[in-house]
Ligand SMILES: N[C@@H](CCC(=O)N[C@@H](CS)C(=O)NCC(=O)O)C(=O)O
């Protein structure tokens, strides 16, 4: 069984879509990032960057150990290699997928994230920041549109891949991000087509009811007030143990990692 550490956001959806596409059984372990559950010590053992998504594969082939993976791009590659699906094995095909996956992880995701921050969450509306990120997001959508015009099918060519899954999760929020989709007809065509896939629908619906539309002051401080000091001092940790995370207590970390999986006790 695979444990999926998850909250319903674009980075989380990438992995719920992939798990649904592969038909791999998994246990959902919600990480409420508005409550600071990403700082729970047991979660940090899996994801030292205090970000979800993360997985722990208890069915890994590696003898006697479960495999923890953090970073959505690494998780997608891990699952693709585990199942032999959605990532070609020939060098040219694999490289094509990898470069668009990296484009999403290093470009589209962070830029759309900053766009959303200054557009929707920042307490003061800073015109320079809003313009900077909305222009960059517009440019990136243009790059995607041109690529989809070239392939006439999926992001990395004729076959659906983990690059499509990574990108569609972020395109999903285009309305809230005020992206003018009329400027990007090829993205629109591809997006409509992907939404017809039952596994994409299921993946996007995982944990839907957990999603909150507004952030309390406490949640804002947890999400936007992090520094190395505050993280080191445990300032954002949830006050109480997190039941959803405790189920992962049987994690046996690879031998190279010190310590073990210490479940929180009340
Ligand atoms: N590079 C990471 C980014 C993950 C990420 O930013 N996750 C956000 C939610 S979309 C999160 O966990 N935020 C918690 C926080 O900001 O403390 C990945 O691709 O997995």
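Numbering (the numbering used here), first residue to last: 2 to 267.
All C-beta atoms, glycine included, are put in the ideal place defined by N, C-alpha and C.
Exercise for the section: Take the Cβ of residue 40 as the centre, count every other Cβ of all protein chains shown within 10 Å, and call the residue buried at 16 or more, exposed below. Expected result: Against the chain shown, residue 40 aligns to sequence position 39. Classification of residue 40: buried, given that the 10 Å Cβ count is 16 or more.
Practice task
Identify which residue in 67, 168 and 161 has its Cα closest to the Cα of residue 108.
Solution key: Locating residue 108 in the chain shown gives position 107, counting from the first residue. Ranking 67, 168 and 161 by Cα distance to residue 108 puts 168 first.
Problem - Straight-line Cα distance separating residue 240 from residue 191 - result: Along the chain shown, one-based indexing puts residue 191 at 190. Along the chain shown, one-based indexing puts residue 240 at 239. Computed Cα separation, rounded: 44 Å.
Handout entry: Cβ-heavy atom distance, residue 224 to ligand 1, below 7 Å
Key = The sequence position of residue 224 within the chain shown is 223, counting from 1. Within the cutoff, so yes.
Exercise for the section: In angstroms with no decimal places, state the Cα-to-Cα distance between residue 207 and residue 24. Expected result: The residue you call residue 207 lines up with position 206 of the chain shown. The residue you call residue 24 lines up with position 23 of the chain shown. Between residue 207 and residue 24, the C-alpha separation is close to 14 Å.
Problem - Reduced DSSP secondary structure (H/G/I, E/B, other) of residue 173 - result: The residue labelled residue 173 in the question sits at position 172 within the chain shown. Residue 173 falls in the coil class under three-state DSSP.
Practice task
May I ask whether a heavy atom of ligand 1 can be found less than 7 Å away from the beta carbon of residue 42?
Solution key: Translated into the one-based positions of the chain shown, residue 42 becomes position 41. No, the Cβ of residue 42 stays beyond 7 Å of every heavy atom of ligand 1.
Practice task
Could you have a look at residue 185 and say whether DSSP puts it in helix, strand or coil?
Solution key: Counting from 1 along the chain shown, the entry for residue 185 is found at position 184. In this structure, residue 185 counts as coil in the three-state DSSP scheme.
Handout entry: Among 59, 33, 32 and 84, the one whose alpha carbon lies nearest that of residue 22
Key = Your numbering for residue 22 matches position 21 in the chain shown. Taking only the C-alpha atoms, the option nearest residue 22 is 84.
Exercise for the section: For residue 52, verify whether its CB is less than 7 Å away from any heavy atom of ligand 3. Expected result: No copy of ligand 3 appears in this structure; the ligands present are ligand 1.
Exercise for the section: Could you tell me which residues DSSP puts in a beta bridge with residue 29? Expected result: Against the chain shown, residue 29 aligns to sequence position 28. 5, per the DSSP bridge assignment.
Handout entry: Three-pair Cβ contact test at 8 Å for the stretch 202 to 221 versus the stretch 14 to 21
Key = The answer is yes - the stretch 14 to 21 touches the stretch 202 to 221, with three or more Cβ pairs under 8 Å.
Problem - Bounding residues of the beta strand (DSSP E) (the contiguous stretch that carries residue 71) - result: Walking along the chain shown from the start, residue 71 turns up at place 70. For residue 71, the enclosing beta strand (DSSP E) begins and ends at 68 to 71.
Exercise for the section: Name the two residues that bound the continuous beta strand (DSSP E) containing residue 55. Expected result: For the purposes of this step, residue 55 is taken as residue 54 along the chain shown, with counting starting at 1. Element bounds for residue 55: 55 to 58.
Handout entry: Whole-number beta carbon distance between residue 122 and residue 188, since they are thought to touch under 8 Å
Key = Residue 188 sits at position 187 when you count from the first residue of the chain shown. Residue 122 sits at position 121 when you count from the first residue of the chain shown. Between residue 122 and residue 188 the Cβ distance is about 24 Å, and since that is not below 8 Å, they are no contact.
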